[in-house]
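A.B. asks: There's a structure below that I have some questions on.
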Amino acid sequence: MSSIARIALNRPLRRLFDYRIPEGLDLVPGQRVQIPFGRQQATGIVVETGVNPPAGITIKPVTSAIEPWPALPDETFQLLNWASNYYQHPLGECLFTALPASLRKGRAAEEKPEQWWTAVGTGEELPNNAHKQRALLAWLTDRENGASDRDITQAGYTRAQLRALHDKKLIEPHSRAISYSATTDADIDSRVPALSAAQVEAARELAPPGDGFSASLLYGITGSGKTELYLHYLKTNLEADQQALVLVPEINLTPQTVARFRHYFGDRIVVWHSALNDGERLSTWLKIRHGEPVVLIGTRSAVLLPFTGLKTIIVDEEHDSSYKQGEGFRYSGRDVAVYRAHLNGCPVILGSATPSLESYYNAKQQKYRLVRLEERAGNAQPPEICLLDIRSRPLEGGFSKPALEAIRKTLENGQQALVFVNRRGFAPVMMCFDCGHMVECPRCDTRLTYHRRDRAMRCHHCDYQTAATDHCPECHSEAFKPVGEGTERSEDILATTFPETPIVRVDRDSTQRKGSIQGILNTVNTGKPCVLVGTQMLAKGHDFPGVTLVVVVNADGGLFSVDFRAPEQLIQTLLQVSGRAGRGRVPGKVLVQTCHSDHPLLRTLCNGRYLDMADQLLAEREAGQFPPFRAMAIFRAEADSMEQGLTLLDSIKPLTQARGIDVWGPLPALIARRANRHRSQLVLNADNRKRLNFLLKGICEQLDQRKLPGNLKWMIDVDPQET
Ligand code: ADP
Ligand code: ZN
Ligand code: ZN
């Protein structure tokens, strides 16, 4: 009698499907199969085999195995099973997250080779009017390693131009990227500074891969040389046939980091991020699955890839909230990384200048070792942080006189300044000074941000936008004005105050327009005096050696928020932006404009010691019984009316009654309406994670049984980042 395979499908279903295994077919968990599903064929992943068939039911057979080996090898398969259970997300969707799109659809796991090109001629013979071809040739000449078809079209050139150059034999095709020239040890020595005494000490405290599982929290102040330390650690510890994973928050923001890794590891470095196309994804996925000894630098989802020889995991900027997926399979890349290291019996290093309270707490509980790096690398000094109370000062577009004066001095000394504003656009709201009307998004409970460059008012929560007007849409008064500060306004004020100086704006709008942050930062990299104005984007991992002054336009946003994570995030952002100052020879200074200069958290900020602030914040979390002292999960509902969602959540509330579990709500979410969907939530706060997990599982199973109207959706968020 043949046995049964339990198969998971890529659907939001908390159930598996049974199929008969045909004679002669060997299946193992993690393997991809084709199965008949309804009237179609579907791609599934084997979860279990050897199940006995129930009597009296005819079960359809598996059509075929897509390949003879498991797409998800044992350890990856276990990891995803664990994550499915921990985050209460349907197993099928979790398993399929680890496959590139083409494999999800059941295509063969093999690469279509992509054409690569290198320049071979100088192009002197090109006709004078062939500007585009000339430009493409020059562009290719700059790329020693060549460029792929895709790189070329992405850079704005066409296939016709490519063909023309090929016909003229000015460029040459290759079947793959030209290898980075193998780095020799001598090369590396000339490119990489010797570790400082503090770095050597920290490196010694990090456990080597041979010692089994360990988690280290590398607390290294900004500019202390954490990246250098990762490189050194991998170079000394990773053997030639082993794989390593380096998680980073947002790769397109930190091409510098990838470049530094390439210097060390050449083409052993592969990357994984959202901008890859399907072909690139598949190619990288195959390398990882086939155990090539890569060092993968990737964003969140890289932690789910099917490594077979993973020996080290590094999570850089481990506090970054982008590690938590905000929809669907709501996992935390950082937390999954720690579990994966445990599963693999290998070390994980969590690095940050501003560790998350969760990781810091684990270190205090001795679950993680705390490795400190509290000196800046080279001869740089940590910046001096000062509060500038703006309660009774006249402001010009958000800037106080002393702040503008400090910028002027910095520029006069031939140095660069950085201005941090936490909102893109011109102003967070347009307001009528006659009738008090403020323009709101018709689809969300938020106000529209005024974008002067495009004369538009936009919602930053949905994609709604409308043309800006000069008059109040309610009373037609002309006293209709932008209120508050955005990056565009700060840019304008700076441009009028310092007309001779380049002002470089960095936010989602400016980087989208220019294609990448790299081009924008060229001005900064010249080292000449300039002012950088931007959002959070500027806080992340950049090395600006010419910046000696940082001005924070307004620090007060997170001080009094109802979100229990807001103060932590505020302090992290402030310290991260501050950390951009004084990375070169000249010491840095940070001016933080605030209306609350006596706030205890901001006062501690001035001593610059993050762990002091973290201790303070942890004490508050403990007093309030919040994570990391408790385990939290949120049931969220989204519906066309608030009542629908609240009623659903109300109906599960009785199921949540258990010892050690506090339940808050159901209540409307902080932004109660978003893109016309009404959002509500029920918060569970437990003293015991196991018990919470067990309870959640039961509730999810019950909810799954219910027939809900199509416009009513519920989801579960374990360890929520947003409350
Ligand atoms: P972090 O990741 O902690 O912010 P980085 O590794 O980016 O720090 O280092 C900050 C700067 O210091 C970089 O310009 C780096 O090249 C330099 N640096 C790091 N380690 C050393 C060292 N041992 N000697 C000299 N310069 C160093
Ligand atoms: Zn009005
Ligand atoms: Zn909106």
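For any residue, its number in my numbering is found by taking its place in the sequence shown, counting from 1, and adding 1.
Where a beta carbon is used, it is the ideal one built from N, C-alpha and C, also for glycine.
Here the structure is a predicted model, which is why all the values come from computation and not from measurement.
1. Is it right to say ILE665 is buried, meaning 16 or more other beta carbons lie within 10 angstroms of its own, or is it exposed?
2. Am I right that SER491 and GLY558 are in contact with their C-beta atoms under 8 Å? What's the rounded C-beta distance?
3. Can you grab the Cα-Cα spacing for the pair SER322 / THR123, in whole Å?
4. Report the CB separation of ASP564 from THR536 in whole angstroms; it is logged as a contact under 8 Å.
5. Helix, strand or coil for LEU571, going by three-state DSSP, please let me know.
6. Tell me the start and end of each unbroken alpha helix (DSSP H) in the region 312-337 that is at least 4 residues and wholly inside, in chain order.
7. Just to check, is the beta-carbon of ASP471 closer than 7 Å to a non-hydrogen atom of ligand 2?
8. Taking 7 Å as the cut-off, is the CB of PRO194 close to at least one heavy atom of ligand 1?
9. Per the DSSP calculation, ARG506 is bridged to which residue(s)?
10. Using C-beta distances below 6 Å, list every residue in its chain close to GLY589, excluding the 5 sequence neighbours before and after it, in chain order.
11. Is THR527 helix, strand or coil by DSSP?
12. If you drop the 5 nearest sequence neighbours on each side, which residues of the same chain put their C-beta closer than 6 Å to that of GLN645?
13. Measuring CA to CA, which of THR119, ALA364, LYS61 is closest to ASP736?
14. Hey, could you find the ends of the alpha helix (DSSP H) TRP83 is sitting in?
15. For LEU438, which residues in the same chain have their Cβ closer than 6 Å to its Cβ, ignoring the five residues on either side in sequence?
16. Sort out for me which residues DSSP pairs HIS679 with in a bridge.
17. Rounded to the nearest angstrom, what separates TYR611 and TYR265 at their Cα positions?
18. First and last residue of the beta strand (DSSP E) that includes PRO174?
19. Indicate the three-state DSSP secondary structure (helix, strand or coil) for LEU419 in the structure shown.
20. Under 8 Å, with one C-beta from each stretch per pair, do the region 308-322 and the region 697-716 reach the 3-pair mark?
21. For ligand 3, which residues have a Cβ under 5 Å from at least one heavy atom, in chain order?
22. For GLU125, is the beta carbon positioned less than 7 Å from some heavy atom of ligand 1?
23. Cutting at 7 Å between CB atoms, please list the residues of its own chain near GLY661, excluding the five before and the five after it.
24. Thinking C-beta only, is VAL249 closer than 8 Å to ILE289?
25. Taking contact to mean at least 3 C-beta pairs separated by less than 8 Å, is the region 346-361 in contact with the region 571-578?
26. Taking a contact to mean a Cβ-Cβ separation below 8 Å, would you say ILE521 touches VAL532 in this structure?
27. Let's test the definition: count the other Cβ atoms within 10 Å of the Cβ of VAL587 and tell me whether it reaches 16, buried, or not, exposed.
28. What's the gap between the Cα of LEU683 and the Cα of ALA632?
29. Just the C-alpha distance for PRO629 and CYS433, rounded to the nearest angstrom, thanks.
30. Is it the case that the region 265-275 contacts the region 75-92, given that we only count it when at least three CB pairs across the two stretches are under 8 Å?
31. Indicate, with yes or no, if ligand 2 has a heavy atom lying under 7 Å from the CB of ASP435.
32. Three or more beta-carbon pairs under 8 Å between the region 334-351 and the region 213-224, yes or no?
33. List the DSSP bridge partners of GLY45.
34. For PRO721, which of helix, strand or coil comes out of DSSP?
35. Just list the alpha helix (DSSP H) runs in the region 219-277, keeping only unbroken ones of 4 residues or longer that don't cross its boundaries, in chain order.
36. Under 6 Å Cβ to Cβ from THR223, same chain only, skipping five residues before and after it: list those, please.
C.D. replies: The answer reads as follows:
1. Inspection of the sequence shows that residue 665 is occupied by Trp rather than by Ile. An exposed status is given to TRP665, since fewer than 16 other beta-carbon atoms sit within 10 Å of its beta-carbon.
2. Taking C-beta atoms under 8 Å as the contact rule, SER491 and GLY558 fail to qualify, at a distance of about 15 Å.
3. 48 Å
4. Contact flag wrong, Cβ pair sits at about 19 Å.
5. helix
6. none
7. no
8. For ligand 1, a non-hydrogen atom lies closer than 7 Å to the CB of PRO194.
9. VAL534
10. PRO384, THR549, ALA582, GLY583
11. coil
12. LEU713
13. Any property of residue 736 remains undetermined from this structure, which presents the chain solely from 2 to 724.
14. Run containing TRP83: 75-88, per the alpha helix (DSSP H) assignment.
15. Rather than Leu, the amino acid found at residue 438 in this sequence is His. Excluding residues within five positions, the ones whose Cβ falls inside 6 Å are CYS473, GLU475.
16. ALA640, ARG674
17. 31 Å
18. That run of the beta strand (DSSP E) goes 172-175.
19. strand
20. no
21. CYS442, ARG444, CYS445, CYS460, HIS462, CYS463, TYR465
22. no
23. ALA687, ASP688, ASN689, ARG692
24. Here ILE289 is not near VAL249, since their CB atoms are 8 Å or more apart.
25. By the criterion of at least three beta-carbon pairs nearer than 8 Å, the region 346-361 is in contact with the region 571-578.
26. no
27. buried
28. 14 Å
29. 44 Å
30. no
31. Distances taken from the Cβ of ASP435 to the heavy atoms of ligand 2 include one shorter than 7 Å.
32. yes
33. LEU10, VAL34
34. coil
35. Whole alpha helix (DSSP H) segments, 4+ residues: 227-238, 256-266.
36. ALA354, GLY580
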